[in-house]
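K.L.:
Here the sequence shown stands for residues 1259 to 1784, where the numbers follow my numbering.
Heads up, the beta-carbon is just placed ideally off N, CA and C, and yes, glycines get one too.
Just so you know, these numbers come straight off a predicted model, no measurement behind them.
Structure below; questions to follow.
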Amino acid sequence: MIDKQLLSLSAAEMARGIRHGQWTSEALVEAHIERMMEVNPLLNAVVFPMFEEARQSAKEADRRVESGEELGPLHGVPITVKESLDIAGTPSTWGLPSRRGQRSQEDDPSIALLKQAGAIVLGKTNVMQLLMGSESVNPLYGRTCNPWRPEERSSGGSSGGEAAIIAAGGSPLGLGTDVGGSVRTPAHYCGIHALKPTPGRVPAKKPEGIVHVLPEAAAMSSIGPMARRVEDLALAMQVISTAETLKRAPIQMSVNGVKGLRVGFCTTDGLLAPSPAIQRAVRDAAAVLHRCGAEVREFVLPDPEIALHHFYALLSAGGAEGIEETVRTDEMAAQIAGIRRSFGMSVRKKRLVSLVLRLLGQKLAGSHLIPYLGKKTVGELQRLVSQREGYRQRFLQEMERQQIDVLIAPPFPVPAIQHDLSLEMNFEGSYALLYNYLGMPAGVVSTTAVRPDETWNIAPDVGKDRMVQAASRADHNSSGLPVGVQVAARPWREDLVLTVMECLEKENAVAPEYPVGKLVHGPLLT
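In structure tokens form, the structure reads like this:
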């Protein structure tokens, strides 16, 4: 019988309770294993269980408590990690069947730091193949489902397994990766919190045999924590950040909260307008922060289409060759097959496809996506890197000019999408990828849920653009699904991001629509 009290605890509370003898690591680990076994048949979130190793580690953790040994900040606390992150003796397949028999020789540096802090890994969670996309599906492990509506909705990607199992109470804390929203989008979909740190804040190991994007694109990625409590994100960041970056830029939430902080908010990037619930969540967050003492003003993003164009140009700069070399003879998820085709288009074909799409009313794909995809020359790649730095300086200068410390914005245009809708809605990540392109820390804090009167109806006036039509379908019948707010700050100011997230968590936690933690107990809806 699961002890439901244990499942509701934050990772920080678990660590304190173990240290003071309120509960044992064994009890916590067993409760979470039991919950995983209860919900995973519906979710397919945990794809490589490590239960026996976890049980042995929990016994050893309790022995160390009894003997009075020095304990780490996560001593005895059960966690999960994304399948793509290396743990010695386990597979890191990235959803490629040919890698299932391979085993990592050593832990990723971030995993090593978590273990040194006393954390106990219960298992590894599902991913989008090659970590590219806003769902989590691959030919090896299959599809991960959203705990709010497993049969209908996606858990997000590419860290969707983490978000699903944390939301359902099978883990209090997890680790994912984010190159274009991959911890933030699943957090928004599933009703939890997540943080993408500044690149370089958390140490990472280059994966072996994974060469689907060039280093210049991979540099936009970060390893980040996912949890149901903001305090756990902060605790995890203290553990997994390098000592050098903690010394240079400490992660310490303000004791004064958001009082005096200058917050800018935007409800749309002008490219794909978010649904009513998403925009309402941002406006409500702005009002909450103002009530708590922040100075709040609207912020207009400076030419966000530039960041979008150049992000996709960098991501696809290696063409299809890197994907083909990585995948080889493996079966590809439909989403990855589509990416390979688009990355491999010749200049002539791109021009033709873009023209045809625009003539057919497909403005988003024809004007903002297809023209920027494909292999780049060395000179073109160097210009893209230079342009990225130029845009980042311009963006930061605009924040300074408007006297903005922190930004709040939509994390995604709609709530959790239906399974496989990412095949049509492949433009949707613009709100999240902006901060990867800028190298800024950004988090998503779950604050509310879609109200019955906020869902878009599928109507003829939605227009011809397939991506807009897909967004409309995603929002249809979305009442009750979780909604998050994105929070971003200047590079190395994770402390400000977490301070704002903590305020929004605290102020929204008492509201009946607050989704976080509602699925921890009891059966999941199908």
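The alpha helix (DSSP H) with VAL1419 in it runs from where to where?
P.N.:
Note that residue 1419 corresponds to Gly in the displayed sequence, not to Val. That run of the alpha helix (DSSP H) goes 1418 to 1425.
K.L.:
On the CB-based measure, 16 or more other CB atoms within 10 Å of its CB, does LEU1433 come out buried or exposed?
P.N.:
buried
K.L.:
Residue range of the beta strand (DSSP E) that GLY1742 falls in?
P.N.:
1740 to 1747
K.L.:
Measure the alpha-carbon distance for ARG1424 versus VAL1385 and round it to whole angstroms.
P.N.:
Reading off the sequence shown, one finds Ile at residue 1424, where the question assumed Arg. Each residue's CA atom was taken as its position, placing ILE1424 and VAL1385 some 14 angstroms apart.
K.L.:
Helix, strand or coil for ALA1707? Go by DSSP, reduced to three states.
P.N.:
strand
K.L.:
Can you tell which of THR1282, ALA1289, GLU1712 has its C-alpha closest to the C-alpha of GLY1428?
P.N.:
ALA1289
K.L.:
Sorted by chain position, which residues of the same chain lie with C-beta nearer than 7 angstroms to LEU1301's C-beta, five sequence neighbours on each side aside?
P.N.:
THR1402, CYS1403, PRO1405, PRO1408, ALA1422, ILE1423, ALA1426
K.L.:
LEU1691 CB to nearest chain B CB: under 9 angstroms?
P.N.:
Protein chain content of the structure displayed is limited to a single chain, and chain B is not contained in it.
K.L.:
Leaving aside the five residues before and after VAL1611 along the sequence, list all residues of the same chain whose C-beta is less than 6 angstroms from its C-beta, in chain order.
P.N.:
ILE1628
K.L.:
Excluding sequence positions up to five away, which residues of its chain have a Cβ less than 8 angstroms from the Cβ of ILE1337?
P.N.:
ALA1269, LEU1372, ALA1377, ILE1378, VAL1379, LEU1380, SER1429, PRO1430, LEU1431, GLY1432, LEU1433
K.L.:
To the nearest whole angstrom, what separates the beta carbons of GLY1775 and SER1266, a pair I think is in contact under 8 angstroms?
P.N.:
7 angstroms
K.L.:
Can you list, in chain order, the residues of its chain with a C-beta nearer than 6 angstroms to that of GLU1553? Leave out the 5 residues immediately preceding and following it.
P.N.:
ARG1520
K.L.:
If we ignore side chains and look at the alpha-carbon of each, how far apart do ALA1690 and ASP1320 end up?
P.N.:
Using only the alpha carbons, I get a separation of about 41 angstroms.
K.L.:
Quick check on the burial criterion: 16 or more other C-beta atoms within 10 angstroms. Buried or exposed for HIS1567?
P.N.:
buried
K.L.:
Do you know offhand how far VAL1778's Cα is from VAL1297's?
P.N.:
10 angstroms
K.L.:
On a Cα-Cα basis, can you pick out the residue from GLU1771, MET1759, SER1283 that is closest to ALA1544?
P.N.:
MET1759
K.L.:
How should ASP1365 be labelled, buried or exposed, when 16 other C-beta atoms within 10 angstroms of its C-beta is the threshold for buried?
P.N.:
buried
K.L.:
Distance check for ARG1709 and PRO1770, CA to CA, integer angstroms please.
P.N.:
Approximately 11 angstroms between the Cα atoms of the pair.
K.L.:
Taking only runs of the beta strand (DSSP E) that begin and end inside the stretch 1317 to 1368, which ones reach a length of at least 3 residues, in chain order?
P.N.:
1336 to 1340
K.L.:
Are the CB atoms of MET1698 and ALA1667 within a distance shorter than 9 angstroms?
P.N.:
no
K.L.:
For ARG1646 and ILE1345, I'd like the C-alpha separation in whole angstroms.
P.N.:
Going by the C-alpha atoms only, they are around 33 angstroms apart.
K.L.:
Closer than 8 angstroms is the cut-off here; do at least three beta carbon pairs connect the stretch 1719 to 1734 with the stretch 1530 to 1544?
P.N.:
yes
K.L.:
Hey, would you say HIS1446 sits closer than 9 angstroms to GLY1742, going by beta carbons?
P.N.:
Taking 9 angstroms as the Cβ cut-off, HIS1446 and GLY1742 qualify as a contacting pair.
K.L.:
Quick check on CYS1403: does DSSP put it in helix, strand or coil?
P.N.:
strand
K.L.:
Can you list, in chain order, the stretches of the beta strand (DSSP E) that have 3 or more residues and sit fully within the stretch 1640 to 1683?
P.N.:
1664 to 1667
K.L.:
Can you list, in chain order, the residues of its chain whose CB lies under 6 angstroms from that of VAL1469, leaving out five sequence neighbours each side?
P.N.:
Here the set comprises GLY1580, GLU1583, THR1584.
K.L.:
Less than 6 angstroms between C-beta atoms, sequence neighbours within five positions excluded: which residues of the same chain meet that for ALA1539?
P.N.:
Cβ contact annotation for ALA1539 (same chain, cutoff 6 angstroms, sequence separation greater than five): THR1705, THR1706, VAL1741, VAL1743, in chain order.
K.L.:
What three-state label does DSSP hand GLY1637 in the structure shown?
P.N.:
helix
K.L.:
Taking the C-alpha atoms as reference points, what is the distance between ALA1501 and TRP1750?
P.N.:
Taking the straight line from one Cα to the other gives about 13 angstroms.
K.L.:
State the DSSP-derived secondary structure class of SER1600, mapped to helix, strand or coil.
P.N.:
helix
K.L.:
Could you check how far apart the C-beta atoms of PHE1601 and ALA1578 are, in whole angstroms? I think they sit under 8 angstroms.
P.N.:
5 angstroms
K.L.:
My understanding is that GLY1576 touches VAL1471, with C-beta atoms under 8 angstroms, so please give their C-beta distance in whole angstroms.
P.N.:
About 6 angstroms; that satisfies the 8 angstroms criterion.
K.L.:
Measure how close the beta-carbons of ALA1312 and VAL1287 come, nearest whole angstrom, since I'm counting them as under 8 angstroms.
P.N.:
Yes, they are in contact, since the Cβ atoms of ALA1312 and VAL1287 sit about 5 angstroms apart, within 8 angstroms.
K.L.:
Specify, as a first and last residue, the run of the beta strand (DSSP E) that ASP1436 falls within.
P.N.:
1431 to 1436
K.L.:
Can you tell me where the beta strand (DSSP E) holding GLU1583 begins and where it ends?
P.N.:
No beta strand (DSSP E) contains GLU1583, which is instead part of the alpha helix (DSSP H) from 1579 to 1585.
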